[in-house]
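This note's numbering puts the first residue of the sequence shown at 35, with every later residue one more than the last. The beta carbon of each residue, even a glycine, is placed where N, CA and C say it ideally should be. First comes the structure, then the notes that go with it.
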Amino acid sequence: MPRSKHMPLPTVAVVAFHRFSQFHLSVPCIIFDDILPDMKLFNLRICAGEPGPIQSSHGLTLETAHGLEGLEDADIIVIPYWRNPAEQPPAPLLAVLQSAHARGAQIVGFCLGTYVLAYAGLLGEKRASTHWEFEQDFIQRFPGITLDTNSLYVEDGNIVTSAGTAAGLDCCLHLLRQRYGSAIANKVARRMVIPPHRDGGQAQFIERPVPATTQDARMNALFEFLRNHLHQAHDLDSLADRVMMTRRTFTRQFHKAAGLSVGEWLLSERLQRCQELLESTTQPMETIASQVGFPSASALRAQFKRRFNVTPSDWRKSFQYA
Numbered sequence: 035m036p037r038s039k040h041m042p043l044p045t046v047a048v049v050a051f052h053r054f055s056q057f058h059l060s061v062p063c064i065i066f067d068d069i070l071p072d073m074k075l076f077n078l079r080i081c082a083g084e085p086g087p088i089q090s091s092h093g094l095t096l097e098t099a100h101g102l103e104g105l106e107d108a109d110i111i112v113i114p115y116w117r118n119p120a121e122q123p124p125a126p127l128l129a130v131l132q133s134a135h136a137r138g139a140q141i142v143g144f145c146l147g148t149y150v151l152a153y154a155g156l157l158g159e160k161r162a163s164t165h166w167e168f169e170q171d172f173i174q175r176f177p178g179i180t181l182d183t184n185s186l187y188v189e190d191g192n193i194v195t196s197a198g199t200a201a202g203l204d205c206c207l208h209l210l211r212q213r214y215g216s217a218i219a220n221k222v223a224r225r226m227v228i229p230p231h232r233d234g235g236q237a238q239f240i241e242r243p244v245p246a247t248t249q250d251a252r253m254n255a256l257f258e259f260l261r262n263h264l265h266q267a268h269d270l271d272s273l274a275d276r277v278m279m280t281r282r283t284f285t286r287q288f289h290k291a292a293g294l295s296v297g298e299w300l301l302s303e304r305l306q307r308c309q310e311l312l313e314s315t316t317q318p319m320e321t322i323a324s325q326v327g328f329p330s331a332s333a334l335r336a337q338f339k340r341r342f343n344v345t346p347s348d349w350r351k352s353f354q355y356a
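What follows is the structure, encoded as structure tokens:
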């Protein structure tokens with residue numbers, strides 16, 4: 035749900051461990067610190083996840099003003115990395131994460147940080163993402179968790195996990211977009227000189243699926259076609275014919291590439307495009323509904339409220355920049 039202009043700034047706690055990765059730690063610190071000189075978006079804390087001073091894998095020493103107590107009232111807790119998949123994280127950290135999850139804080143794991151969330155028992159039977167190289171290891175250690183290796187990041191309830199290295203940037207931009215809308219997220223992305231939505235070998239999707247760079251050029255072209263024709267109705271048979279596949283093969287290949295069924299993917303794309311139009315235009319809902327492929331404004335409103343837990347009008351009031 036987007037943040038109201040009158041709500042206090044969200045507090046982000048980033049947890050550092052011994053042998054931390056400088057890159058993974060720096061990503062949330064850059065995005066959630068004062069990245070826009072004219073607008074403060076978050077209150078950032080760096081918290082020691084174990085007794086310090088904390089040393090990186092390359093000998094850098096980090097002294098923090100906060101320990102685990104800094105997580106107790108944080109709105110977002112980021113575990114940017116973990117040093118060893120086979121090592122059980124410190125019990126006091128796991129207990130704090132469990133308590134934070136129970137009170138409704140958003141818990142985020144980058145790359146091997148997903149292991150920490152799994153060791154804490156926060157993933158249960160949820161979907162999650164981690165670095166593709168650790169797929170088999172993760173599945174063997176945590177067989178009850180559905181690992182999605184096609185995604186740059188995955189959100190399930192108040193848990194968000196991302197794939198390796200640069201996928202943490204994509205995940206941070208999603209969290210920023212979630213609270214402040216596309217215009218601010220795009221502004222931050224431009225300042226970082228990174229794309230606001232990134233194509234990749236692991237198909238990015240939470241609310242907005244991004245077409246994967248797959249080995250099938252026909253599927254890549256179909257993603258582009260559908261994005262340019264959201265206003266039209268589409269059925270499985272005509273789309274299968276377009277990529278010269280049987281309906282059964284097409285359904286399987288589409289889900290493999292996008293991580294969603296055709297209907298789910300189209301709905302997410304249409305709602306994302308609706309967000310963009312609400313933010314950047316003053317067009318009435320009837321016009322927007324027609325442009326993005328909903329049969330009526332009321333149908334759009336219902337789907338929008340169901341997905342984002344806020345009405346299109348409220349979204350426009352919060353994020354419009356036209």
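Residue pairing by DSSP puts ARG161 in a beta bridge opposite THR180. Within its own chain, the residues whose Cβ lies closer than 6 angstroms to the Cβ of ASN77, once the five positions on either side in sequence are excluded, are LEU43 and THR45, listed in chain order.
VAL277: not part of any beta strand (DSSP E); DSSP gives it neither H nor E. When the beta-carbon positions are compared, VAL142 and VAL188 stay at least 8 angstroms from each other. Around the C-beta of ASN184, 16 or more other C-beta atoms lie within 10 Å, and the residue is accordingly described as buried. For LEU156, there is no enclosing beta strand (DSSP E), as DSSP marks it with neither H nor E. The residue from ALA134, ARG137, GLU169 and ARG79 with its alpha-carbon nearest to that of PRO119 is GLU169. Contact between VAL130 and LEU151 is absent: CB atoms are separated by about 12 angstroms, not below the 8 angstroms threshold. Contact between LEU70 and ARG225 holds: their C-beta atoms lie close to 7 angstroms from each other, under 8 angstroms. In this structure, THR199 and PHE54 do not form a Cβ contact; the two beta carbons are roughly 14 angstroms apart against a cut-off of 8 angstroms.
Within the stretch 49-99, the runs of alpha helix (DSSP H) that reach at least 4 residues and sit entirely inside it are, in chain order, 56-66.
Counting other Cβ atoms within 10 Å of its Cβ, VAL222 reaches 16 or more and is therefore classed as buried.
For THR283, the enclosing alpha helix (DSSP H) stretches over residues 281-292. Excluding the 5 residues flanking it on each side, GLY215 has same chain C-beta neighbours closer than 7 angstroms at PRO36, GLU313, SER352 and PHE353, in chain order. Non-local beta-carbon contacts of SER90 in its own chain, meaning distances under 6 angstroms to residues more than five positions away in sequence, involve PHE54 and GLN56 in chain order. A residue is called buried once 16 or more other Cβ atoms fall within 10 Å of its Cβ, and TRP349 is buried on that count.
Take PHE176, set aside five residues on each side of it, and the residues of its chain with a beta-carbon closer than 6 angstroms to its own are ALA152, in chain order. Measuring C-alpha to C-alpha distances from ARG261 to each of ALA331, ARG307 and VAL49 identifies ARG307 as the nearest. Of the candidates VAL61, PRO87 and VAL49, VAL49 places its Cα closest to the Cα of GLY104. Residue pairing by DSSP places ALA223 opposite no residue, since no beta bridge is assigned to it. Taking a C-beta distance under 8 angstroms as the contact criterion, ILE88 and LEU96 qualify as a contact pair. Remark: C-beta atoms of LEU146 and ILE193 do not approach each other more closely than 8 angstroms. Cβ contact annotation for ARG304 (same chain, cutoff 7 angstroms, sequence separation greater than five): LEU264, VAL326, GLY327 and PHE328, in chain order. DSSP, reduced to helix, strand and coil, places THR321 within a helical segment of the structure shown. Judged by DSSP in its simplified three-state form, GLN122 adopts coil rather than helix or strand.
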